[in-house]
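Here the working numbering is used: the first residue of the sequence shown is 1, the next is one more, and so on. Backbone N, C-alpha and C fix where the C-beta goes; we use that ideal spot for every residue, glycine too. All values derive from a computational prediction rather than experimental measurement.
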Amino acid sequence: MTPMPRTLQRLAPVLAICVALAGCGSDDPPPTQRRTSAGWISGSDDSATTGTYAWKGVPFARPPVGELRWRAPADPEPWIGVRQATQFGNACVQYGRIYGPGANNRFDATIGTTLNQAVGHEDCLYLNIWRPASADTKLPVIVFIHGGSNVSGYTADPVYDGAALAKAANAVVVTVNYRLGIFGFLNLAQLKDGASAAGDSGNFALLDQIQALQFIARDIAAFGGDPGNVTVTGQSAGAIDVYALLTSPLVVNAPSRLLHRAAAFSGGISLASNLPAGSLPTLNTAAVAAAQGNALLIQMLIADGKASDNVTAAAYIATQTPAQIAAYLRTQEPAALLSVLLTRLAPLGLAGSGPIPEGTVLPEDPIAAINAGRYLKVPLLASTTREEANRFRTFLAFAPPRGGVRR
């Protein structure tokens, strides 16, 4: 037998490992490394614990900070190299509630110390993806929009972990952050610069959700999902937003279908318009939403010492151009804006938040649109629970629901 050359002898262990790994020098990335349209990301291999792969904190839009506050979302900046996607992104800025994050961007003991204080960050437009730890492709996609009255909530909440659903349904599960409260819905004349009709709508949260659906249509195949089989689901305020999406021309008339089924859990968009202002996400007219936006501006000027009352605030506004007012508001700290909202506007019933039927993103009352057949005609599952709205029954006693959707 010819002796093995010394060089090969030394390389034998390495070659054995290469054979075991099905080919040394292979260009195939690990199963948790996927390429999005903005760049490569690397997620978590949780196959040993949950039977899934996960990618967390995936950017689907540019951070809506500074000049991008109160504007339609823009595509994320591309990056070079491999971005780590193993940690949840920031929760969107909100005032602390039991449904929101604590000081550490997660559900923990600090939640009790942050009630009615600003938590989260404006740099928050991230989504999370779970899929079974398999090589399957063309898997159905389930998108979940969290609840929280459209003023609170975050995808890092443990109840929204998508691993179990992804495994049980053999599906790709996506959870989405979106701007909340006055950062997600604000109708104010001075913010309308004509750059885009969508951006002037004030429906920034709905635009965030549509931006996430566009990311899914474009990139979910890289995670083994089928962009032609997307079910959008939402709970409570998330369900309200599902109905709004179904009646938005940006969804109905999208060049490529963004969703193919929908499910709305414990939320009806007609209910929100029949309760006292501020008690739930309210579906106000564009005029009422504009009055609320103007009230926020006036109270902000008073709190900031630029005016002493409503009259002097109105006089100050008259001396400023819309661009100057917009620039002023975009430089205010989120905590200052939320403080004015809670201390000066909430007592007036103006702390609610929700879709604005302004004519572009949401052309009309969604219930009227649905009754008239002006909506995306896809299979829809609408559900309630046995104890539905039990905690709100005091409010319902004073404002019983009116109307409804025809069968």
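> Under the DSSP definition of a beta bridge, which residues are partnered with Tyr126?
Replying inline: Pro59.
> When the Cα atoms are used, what is the spatial distance from Thr113 to Tyr99?
Replying inline: So the alpha carbons of these two residues sit roughly 13 Å apart.
>> At the level of alpha carbons, what is the spacing between Asn284 and Gly39?
In response: Roughly 40 Å separates the two Cα atoms.
> Touch check for the region 113-126 and the region 55-69: three-plus C-beta pairs under 8 Å?
Replying inline: Between the region 113-126 and the region 55-69 there are three or more C-beta pairs closer than 8 Å, enough to call the two in contact.
> What residues are listed by DSSP as bridge partners for Tyr99?
Replying inline: Answer is none; Tyr99 lacks a bridge partner.
> So Thr321 packs on Ala163, CB below 8 Å; how close in whole Å?
Replying inline: The C-beta distance from Thr321 to Ala163 rounds to 51 Å, too long to fall under 8 Å, and the pair is not in contact.
> In three-state terms, what does DSSP make of Asn229?
Replying inline: In the structure shown, Asn229 falls within a strand segment according to DSSP collapsed to helix, strand and coil.
> For Ile210 and chain B, any beta-carbon pair shorter than 8 Å?
Replying inline: Protein chain content of the structure displayed is limited to a single chain, and chain B is not contained in it.
> In three-state DSSP terms, what is Arg218?
Replying inline: Residue state, collapsed to three classes: helix.
> Whose C-beta lies closer than 6 Å to the C-beta of Pro59 among residues of the same chain, with five residues either side of it excluded?
Replying inline: Only Pro76, Tyr126 meet the Cβ criterion.
> On the premise that Ser201 lies in contact with Val361, defined as a C-beta separation below 8 Å, what is that separation, rounded to the nearest angstrom?
Replying inline: Beta-carbon to beta-carbon, Val361 and Ser201 are separated by about 4 Å, close enough to satisfy the 8 Å threshold.
> Arg106: which of Gln117, Gln87, Ala156 sits nearest, CA to CA?
Replying inline: Looking at the Cα atoms, Ala156 is the closest of the given residues.
> Whose CA, out of Lys56, Thr32, Pro355, lies closest to the CA of Ala290?
Replying inline: That would be Pro355, whose Cα lies nearest to the Cα of Ala290.
> Taking Cβ to Cβ, would you say Ile145 is nearer than 8 Å to Val173?
Replying inline: In this structure, Ile145 lies away from Val173, with their beta-carbon atoms at least 8 Å apart.
> If we count the other Cβ atoms within 10 Å of its Cβ and call it buried at 16 or more, is Lys138 buried or exposed?
Replying inline: Around the Cβ of Lys138, a 10 Å sphere holds fewer than 16 other Cβ atoms; the residue is exposed.
> Rounded to whole angstroms, how far is the Cβ of Ser152 from the Cβ of Phe265, which I believe are closer than 8 Å?
Replying inline: Your pair Ser152 and Phe265 does not check out as a contact, with CB atoms roughly 17 Å apart and the cut at 8 Å.
>> For a test of the three-state rule: what should DSSP assign to Arg402, helix, strand or coil?
In response: Model confidence at Arg402 stands at a pLDDT of 43, short of 50, so the residue's coordinates are unreliable; what they give is reported in the following sentence. Three-state result, Arg402: coil.
> In this structure, does DSSP put Gln320 in helix, strand or coil?
Replying inline: Reduced to three states, the DSSP call for Gln320 is coil.
>> For a test of the three-state rule: what should DSSP assign to Ser339, helix, strand or coil?
In response: Residue state, collapsed to three classes: helix.
> Does DSSP put Phe144 in a helix, in a strand, or in coil?
Replying inline: DSSP places Phe144 in strand when its eight states are reduced to three.
> Run through DSSP, which three-state label would Pro414 get?
Replying inline: With the chain covering 1 to 407 only, the question about residue 414 has no answer from this structure.
>> Using C-beta distances below 8 Å, list every residue in its chain close to Tyr375, excluding the 5 sequence neighbours before and after it, in chain order.
In response: Hits under 8 Å: Leu246, Thr247, Val252, Pro366, Ala369.
> Given that a residue counts as buried once 16 or more other Cβ atoms are within 10 Å of its Cβ, and exposed if not, what is Gln87?
Replying inline: If you draw a 10 Å sphere on the C-beta of Gln87, you find fewer than 16 other C-beta atoms in it, and that means exposed.
> Considering Gln84, what are the terminal residues of the beta strand (DSSP E) in which it resides?
Replying inline: Element bounds for Gln84: 82-84.
> Closest to Ile80 by CA distance: which of Cys92, Asp108, Ala91, Thr36 is it?
Replying inline: Looking from the CA of Ile80, the closest CA among Cys92, Asp108, Ala91, Thr36 belongs to Thr36.
> Closest to Arg131 by CA distance: which of Arg261, Leu206, Ala222 is it?
Replying inline: Out of Arg261, Leu206, Ala222, Ala222 has the C-alpha closest to the C-alpha of Arg131.
>> For a quick check, are the C-beta atoms of Pro84 and Gly147 less than 8 Å apart?
In response: Per the sequence presented here, residue 84 reads as Gln, with Pro not at that position. No, Cβ-Cβ distance for Gln84 and Gly147 is not below 8 Å.
> In whole angstroms, what separates the C-alpha of Ala323 from that of Ala314?
Replying inline: Note on geometry: alpha-carbon atoms of Ala323 and Ala314 lie some 16 Å from one another.
> Where does Asn128 land, buried or exposed, given buried means 16+ other C-beta within 10 angstroms?
Replying inline: By the Cβ neighbour-count rule, Asn128 is buried, with 16 or more other Cβ atoms within 10 Å of its own.
> Expressed to the nearest angstrom, what Euclidean distance is found between the alpha-carbon atoms of Pro73 and Ala346?
Replying inline: Rounded to whole angstroms, Pro73 to Ala346 spans 28 Å at the Cα level.
> Quick one: what does DSSP say Gly278 is sitting in, helix, strand or coil?
Replying inline: Residue placement at Gly278 is flagged as unreliable, the pLDDT there being 47, under the threshold of 50; the coordinate-derived value follows with that caveat. Looking at Gly278 - three-state DSSP - the assignment turns out to be coil, as it is neither helix nor strand.
> Name the DSSP beta bridge partners of His121, please?
Replying inline: BP columns for His121 point to Cys92.
> Helix, strand or coil for Ala54 per DSSP?
Replying inline: Ala54 falls in the strand class under three-state DSSP.
> Between Gly268 and Thr52, what straight-line distance do the alpha-carbon atoms span, to the nearest angstrom?
Replying inline: Looking at the two C-alpha atoms, the distance is approximately 33 Å.
> Distance, Cα to Cα, Arg261 vs Thr110?
Replying inline: Approximately 38 Å, taken between the alpha carbons.
> Taking just the CA atoms, how far does Asp208 sit from Pro410?
Replying inline: Absent from the model: residue 410. The displayed extent of the chain is 1 to 407, so no value can be given.
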